[in-house]
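Reading the sequence shown from the start, the letters are residues 523 to 599 in our numbering. C-beta: ideal position from N, C-alpha, C; glycine also. Quick caveat, the model's predicted, so the values are computed rather than measured. Remarks on the structure that follows.
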Amino acid sequence: MLFPSYWGQGLMLEAARPLLDNITRNFGWKQAYALILPENIRAQRVVAKLGFQYDQLIDLNRYNLKTQVQRWILEIR
């Protein structure tokens, strides 16, 4: 999460790429997931640029929070 004054500068994309590289190399993950609120268009654009594909809308009912989120999946090769 970034303060609004840092939005739109590509910082999340820049930070996420090495993180995904790290988990691939060090943990051998084959998939990564992102849960995003449907109204968060900027986050959707970031994960799409990282190669994630939209999967489905799911109900999230945890910790007294009831909402729907989009699930995005990255298949790691």
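So residue i is in the alpha helix (DSSP H); what residue range does that whole segment cover?
| i | result |
| --- | --- |
| R547 | 533-549 |
Taking DSSP as the reference, what is the three-state secondary structure of residue i?
| i | result |
| --- | --- |
| R599 | coil |
| K552 | coil |
| Y576 | strand |
Going by beta carbon distance, what residues of the same chain come within less than 8 angstroms of residue i, once the five residues before and after it are set aside?
| i | result |
| --- | --- |
| G530 | R564 |
| L524 | L533, M534 |
| F574 | A554, A556, W594, I595, L596 |
So, for residue i: in the same chain, excluding its five sequence neighbours on each side, which residues have a beta-carbon less than 6 angstroms away from its beta-carbon?
| i | result |
| --- | --- |
| L582 | T589, V591 |
* Asked: Is there contact here, the region 578-594 with the region 546-553, by at least three beta-carbon pairs under 8 angstroms?
  -> No, because fewer than three Cβ pairs between the region 578-594 and the region 546-553 fall closer than 8 angstroms, the two stretches do not touch.
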